[in-house]
Amino acid sequence: MQPRSLRDPERLLFELSRPGRRGVALPPLDVPAPDRAALDPRYTRDEVEGFPELSETEVVRHYTRLSRLNYAIDLGLYPLGSCTMKYNPKIHEKVARLPGFAGAHPQLPAGAAQGCLRLMHDLERALCSICGMDRFTLQPAAGAHGELAGIMMVRAYHRERGNPRQVVLIPDSAHGTNPASAHIAGYRVEQLPSNERGCVDLGALRRRMSEDIALLMLTNPNTLGVFEGEIQEIASVIHARGGLLYMDGANLNAFVGRARPGDMGVDLHHLNLHKTFSTPHGGGGPGAGPVGVMRSLEPYLPVPTVEKEGEVYVLRHERPKSIGKVRSFFGNFGMFVRAYAYILALGPDGLRRMSETAVLNANYLRRKLESTYHLPYDAPSLHEVVFSDRHLEDTGVHTLDIAKRLMDYGFHPPTIYFPLIVKGAMMIEPTESESREELDAFILAMRRIAEEAREDPDLVRTAPHTTPVRRLDEVGAARNPVIRWTSPQKPR
Amino acid sequence: MGDGHRYIPASDADRDAMLREIGVARIDDLFASIPAPLRLKGPLSLSPAMSEQELWAEMSRRARDDRQPDPGAQFLGGGAYRHYSPAVVDHLVSRTEFYSSYTPYQPEVSQGTLQAIFEYQTLICQLTELEISNASLYDGASALAEAVLMAERTTHGGRVVVSDRVHPEYLEVCRTYLANLDLPITTFGHRDDGSSDPEAARRALREGKASAVVVQQPNFFGCLEEIEAFAAAAREAKAQLIVAVAEPISLGLLKGPGRQGADVVVGEGHSFGVPLSYGGPYLGFIAARQSFLRNMPGRIVGETRDVDGRRGYVLTLSTREQHIRREKATSNICTNEGLCALMASIFLAVVGKNGLRDLAAHNHAKSAYARNRIAAAKGCSLPYTAPTFNEFTVRLPVPADKAVRTLLDRGMVPGIPLSRYFPGMDRDLLVCVTETNPRAEIDRLADELGRLD
Amino acid sequence: MSKGNGIYPEDLKYTKEHEWLAVNGGVGTVGITHYAQSELGDIVYVELPAAGSPVVAGEEFGTVESVKAVSEIFAPVSGEVLGVNTALATSPETINKDPYGDGWLLKLKLADSKELDALMTAAEYRKYIEEEAN
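Protein chains in written order, with the numbering used here: chain A, 389 to 880; chain B, 2 to 454; chain C, 8 to 141.
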């Protein structure tokens with residue numbers, strides 16, 4: 389046995405496991421135990437082979453130690469572009485755990501779940517106000533799920549009018565979920581080029597628009613953080629030929645309280661509760677991706693919807709033209725509670741201050757970094773700004789290295805190599821949660837790394853140096869995938 | 002508003018200083034790129050901001066509006082199951098390093114999340130007795146849809162054959178996903194004992210090519226299926242067998258479907274410590290044979306080493322995913338149910354090998370006791386004779402939805418009236434019993450059901 | 008650094024999708040070029056058709072995968088697959104190290120030698136990738 393050190397890697401549950409250890413004790417069984425032979429042995433197993441055996445204390449130590457290997461938003465800036473890593477308010481966590489919410493079974497008769505139904509109803513109303521849409525479905529579990537549900541509604545809309553159409557147009561700057569979702573909904577995807585401002589090329593759209601295009605999906609502000617100023621003209625071009633306009637609302641944090649998608653000619657859009665509306669990212673979810681629609685798409689909403697009849701809230705399943713369901717029950721209700729609490733906590737003034745400060749912070753970073761890093765598009769930024777590594781080309785240091793070195797400075801890197809239209813992109817979204825001091829510290833780190841790239845490029849290219857692990861062999865992981873632990877006695 | 006909001010640090014003084022640095026006179030100037038006709042003239046019509054104290058009072062009031070019966074007097078299943086979650090689960094996922102972190106794209110600062118997912122993937126493989134798993138999907142129903150899409154991608158059968166005993170919401174989600182892809186669903190029926198009929202599956206498979214056969218274990222009506230028989234039928238037809246598991250606590254007692262011949266197992270994992278929370282967030286899981294590796298949807302974590310030789314974990318095989326493969330991706334999923342997967346891992350770690358076996362045994366025992374007591378209750382009968390786990394169907398002397406209304410007034414929810422899903426099954430009630438139902442409540446349930454007519 | 012400085016053997020033919028073709032009698036050997044493997048980065052996996060499968064000029068017949076990208080491979084000419092390089096299943100990195108030698112992908116029986124006229128020479132290919140890089 390080796391003496392312990394502070395930097396020891398954490399072993400796996402299965403490596404810590406010891407036979408006979410127990411983490412829970414159940415109350416004594418208060419009914420007669422059925423005869424074991426009563427259930428035919430062809431159905432049953434003796435135990436789950438390989439499952440860990442640990443005491444409660446060992447489990448707590450294991451996960452506590454694991455947690456300390458993570459960076460998190462409560463530790464500092466997390467400037468991932470289009471992710472809106474904002475502060476997750478703690479009272480919302482308390483509220484979501486109220487027994488009336490957290491303990492509510494989804495199969496309860498509606499009469500015993502009025503608090504839950506009322507919250508869903510009120511959240512939908514609030515989102516309609518904020519976004520200028522006629523209705524929202526809360527069912528999709530994430531943004532991409534919302535995109536899929538939305539495109540299915542579009543297809544149902546067109547099918548009812550005699551022709552589902554074949555093509556969805558997507559700008560070359562779009563997030564990968566856009567074309568992936570369109571494909572699952574049965575559409576062919578065609579890319580629309582961006583103009584020199586990084587926005588949808590209106591001329592290219594005019595030339596391409598025809599009756600075989602079902603939908604244009606655009607992100608507003610786009611993935612460069614630039615507002616699609618011609619969105620109303622874009623909507624006209626599409627509507628004139630019977631198509632619909634979808635807005636990817638991942639970047640809504642940029643203009644809540646200042647503008648509304650419903651006024652822009654948008655027919656439907658999703659938003660991300662885990663972005664704009666502060667619900668925690670959880671290391672990869674859960675999120676929620678509600679979809680707002682205008683009246684013309686209401687018939688196709690997923691079921692059930694929540695309706696108010698007099699003073700009572702009900703779940704309505706009858707919607708003959710509905711696309712059906714995209715998941716069981718009603719959606720990620722726990723995230724609805726948190727998002728609704730956020731809207732109540734901010735109010736109209738707070739929501740406006742939120743988008744103002746998000747845009748202010750991004751522009752502050754842009755002004756302070758634009759002489760150090762290359763700005764590929766000089767169109768005005770709203771809530772996020774995209775730089776590239778072009779100024780450091782001659783040093784041999786690339787965007788990847790800058791990102792890795794930032795971790796040594798105590799920051800999570802921004803999004804890298806996206807959007808695809810910028811080579812070596814660094815997409816930076818600070819959000820309104822950051823103080824000026826935090827932004828200044830980030831600016832200083834970015835400037836120092838640019839200096840290091842010139843003075844000591846190897847230091848940057850071999851970063852990070854001070855994190856729990858250093859650069860990992862991703863090639864090896866993909867060539868010889870090992871995606872589960874296997875007992876040493878068993879052959880792999 | 003001179004001060005900042007408690008969630009938004011910048012005070013008016015901070016804002017003015019930063020505006021000067023940017024070289025702009027007012028905040029409005031930063032929004033000049035929004036065309037004038039689109040700019041809102043007035044504030045949003047929402048209620049004014051609440052202090053934390055007011056927010057807590059408001060939300061507490063709303064949560065009390067439910068007037069739910071005592072959890073011990075609720076006998077609800079049907080795709081969502083009430084179990085006791087040990088305190089350590091919520092305690093550990095409340096650590097900010099877990100719940101406020103992002104998807105682990107930068108592995109050097111995300112080893113906590115990545116190692117936990119690697120452990121989760123292993124636990125799912127062990128439970129299902131299959132070789133590979135992923136980092137989570139949205140829920141059991143959408144996981145089934147993803148498995149069907151994966152079957153079609155790999156087998157190109159052009160059709161899916163599904164038991165009519167699968168959860169109706171799972172079937173509806175599959176229909177929704179498949180509606181636009183020219184991929185029809187054929188259903189096959191069940192036997193008198195309540196389990197799906199392997200002969201009916203064979204007949205359905207003989208009608209033409211199919212990518213997959215789907216059954217649920219235990220099925221929606223609570224009955225256990227003969228997985229090996231469906232595996233044989235699928236193999237003969239060169240189709241895959243997909244088994245859906247809505248209540249995975251059953252896997253503490255029942256064989257892993259992988260051992261019984263399933264090619265893919267999907268299911269709903271929220272029974273492992275995730276709150277009921279009126280239907281979500283939940284946890285979809287998927288496990289499959291090794292050969293499916295490059296076709297799996299969703300994120301996958303793999304083991305590797307860093308430049309110093311330390312063992313570490315990374316997201317791997319990312320070329321399957323939407324951010325690289327775009328329209329050719331194996332799925333569009335991005336954000337999944339990461340924190341719920343972590344809850345499930347912690348639950349399974351602390352419950353452990355022996356605890357899960359005991360928990361499954363308790364569920365089975367209490368449910369068997371309830372089943373026998375209700376069968377003996379006046380006017381009640383059991384329409385199905387197949388073995389069950391913790392759910393079973395009861396036939397009442399009166400319409401089941403009426404019985405539910407009557408008993409709700411007496412502080413009890415006896416089960417789910419099946420007419421909610423199947424018009425015509427008016428007197429059938431789906432009853433679920435878990436370790437959270439004390440014997441006294443089970444006895445009261447049987448007594449109440451016996452007094453119905 | 009000009010992309011044209013990579014190695015492009017004179018005796019091979021080239022496609023716009025960055026495959027090379029060597030012809031010996033009626034048998035063609037196909038691989039990907041130095042430029043292609045350099046753009047992809049470390050190759051982790053290759054998907055190839057079974058022996059006996061037909062391939063059609065210009066159509067996709069497989070994929071080459073790195074950590075960050077997947078590239079479809081397109082048939083330079085039509086024909087029938089005679090055999091694939093099975094060593095790549097365990098050592099896909101051979102394509103990076105030796106794209107024209109041990110990193111060959113498959114051999115096929117040519118269906119129509121007239122299709123060779125549509126392919127590029129080494130000089131034409133060098134010029135093509137110079138233009139594409141700019």
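Backbone N, C-alpha and C fix where the C-beta goes; we use that ideal spot for every residue, glycine too.
Check                                                                                                                                                                                 : Outcome
Is it a yes or a no for the region 43-56 of chain B touching the region 738-747 of chain A, going by three-plus beta-carbon pairs under 8 Å?                                          : yes
Arg858(A): which of Val308(B), Leu349(B), Leu409(B) and Lys354(B) sits nearest, CA to CA?                                                                                             : Val308(B)
For Arg669(A), I'd like the list of residues in its chain whose CB is within less than 6 Å of its CB, leaving aside the five on either flank, ordered along the chain.                : What sits at residue 669(A) in the sequence shown is His, not Arg. Hits under 6 Å: His662.
Name the two residues that bound the continuous beta strand (DSSP E) containing Ser196(B).                                                                                            : Taken as a continuous stretch (DSSP letters only), Ser196(B) belongs to no beta strand (DSSP E), as it is neither H nor E.
Alpha carbon to alpha carbon, how far is Lys10(C) from Leu732(A)?                                                                                                                     : Only weak support exists for where Lys10(C) lies, its pLDDT of 47 falling under 50; the value from the coordinates is given anyway. Between Lys10(C) and Leu732(A), the C-alpha separation is close to 58 Å.
At 3 residues or longer, what runs of the beta strand (DSSP E) sit wholly inside the region 191-265 of chain B?                                                                       : 213-217 and 241-246
Out of curiosity, what's the CA-to-CA distance linking Glu442(B) and Glu686(A)?                                                                                                       : 44 Å
Using the Cα positions of Glu618(A) and Gln495(A), report the straight-line distance between them to the nearest angstrom.                                                            : 46 Å
Classify Asp13(B) as helix, strand or coil using the three-state DSSP reduction.                                                                                                      : helix
I need the DSSP call for Gly43(B), collapsed to helix, strand or coil.                                                                                                                : coil
Please compile the residues from chain C whose C-beta is within a distance smaller than 9 Å of the C-beta of Ala866(A).                                                               : Asp49, Val51, Tyr52, Glu72, Ser73 and Val74
Would you please verify whether the beta carbon of Val91(C) is less than 8 Å from any beta carbon of chain B?                                                                         : no
Name the residues in the region 701-733 of chain A whose C-beta lies less than 7 Å from a C-beta of chain B; which are they?                                                          : Ile711, Gly712, Lys713, Val714, Arg715, Ser716, Phe717, Phe718, Gly719, Asn720, Phe721, Gly722, Met723, Ala729, Ile731, Leu732 and Ala733
Val432(B) and Val395(B) look like a contact to me (Cβ under 8 Å); what is the Cβ gap, rounded to whole Å?                                                                             : 6 Å
Counting C-beta neighbours from all protein chains within 10 Å, is the total for Met8(C) 16 or more, i.e. buried, or is it exposed?                                                   : Residue placement at Met8(C) is poorly supported in this model, since its pLDDT is 38, which falls under 50; the coordinates still yield a value, given next. Exposed, by the Cβ-count rule.
Pull out every residue of the region 315-349 of chain B whose Cβ sits closer than 9 Å to any Cβ of chain C, in chain order.                                                           : Thr317, Leu318, Ser319, Thr320, Arg321, Ile325, Arg326 and Lys329
Go ahead and label Met2(B) buried or exposed: buried means 16 or more other beta carbons lie within 10 angstroms of its beta carbon, across all protein chains shown.                 : Note that Met2(B) scores 48 on pLDDT, short of 50, meaning its location in the model is unreliable and no value can be drawn from it.
So that I know if they touch, is there some Cβ in chain C lying closer than 8 Å to that of Val577(A)?                                                                                 : no
Closer than 8 Å, Cβ to any Cβ of chain B: which residues of the region 781-801 of chain A, in chain order?                                                                            : Ala791, Lys792, Met795, His800 and Pro801
From Thr445(A) to Gly411(A), what does the alpha carbon distance come to, in whole angstroms?                                                                                         : 8 Å
Who are the Cβ neighbours of Pro56(C) in its own chain at under 8 Å, not counting the five residues just before and after it?                                                         : Val62, Phe68, Gly69, Val88, Val91 and Leu113
Can you pull the chain B neighbours of Val77(C), defined as C-beta to C-beta under 9 Å?                                                                                               : Thr320, Arg321, Ile325, Arg326 and Lys329
Helix, strand or coil for His157(B), going by three-state DSSP, please let me know.                                                                                                   : coil
What are the boundary residues of the beta strand (DSSP E) that Glu87(C) is part of?                                                                                                  : Gly86 to Val91
Does the Cβ of Pro678(A) have 16 or more other Cβ atoms within 10 Å, making it buried, or fewer, making it exposed?                                                                   : buried
Could you round the C-beta distance between Gly13(C) and His41(C) to whole angstroms and report it? I think they count as a contact, below 8 Å.                                       : 4 Å
Out of Gly356(B), Pro418(B), Asn391(B) and Arg428(B), point me to the one whose CA is closest to Asp434(A)'s CA.                                                                      : Gly356(B)
Step through the CB atoms of chain A and report whether any lies within less than 8 Å of the CB of Pro83(C).                                                                          : no
Taking contact to mean 3 or more Cβ pairs, one atom from each stretch, closer than 8 Å, check whether the region 165-183 of chain B and the region 214-233 of chain B are in contact. : yes
Report the start-end ranges of each beta strand (DSSP E) in the region 67-122 of chain C that is 3 residues or longer and not cut off at the edges.                                   : 67-73, 77-81, 86-91 and 113-117
Closer than 7 Å, Cβ to Cβ, to anything on chain B: give me those residues from the region 841-868 of chain A, in chain order.                                                         : Pro852, Thr855, Pro856, Val857, Arg858, Arg859, Leu860, Asp861, Glu862, Gly864, Ala865 and Ala866
Tell me the start and end of each unbroken beta strand (DSSP E) in the region 823-872 of chain A that is at least 3 residues and wholly inside, in chain order.                       : none
For a contact meaning CB atoms closer than 8 Å, what does Pro1(B) contact in chain A?                                                                                                 : What is shown of chain B runs 2 to 454, which leaves residue 1(B) out entirely.
For Glu132(B), collect the residues of the same chain with a Cβ closer than 6 Å to its Cβ; drop the 5 residues on either side in sequence, then sort them by chain order.             : Arg290 and Gln291
Under the rule that 16 or more other beta-carbon atoms within 10 Å means buried, what is Ser45(C), buried or exposed?                                                                 : exposed
Please state whether DSSP places Thr874(A) in a helix, a strand or coil.                                                                                                              : coil
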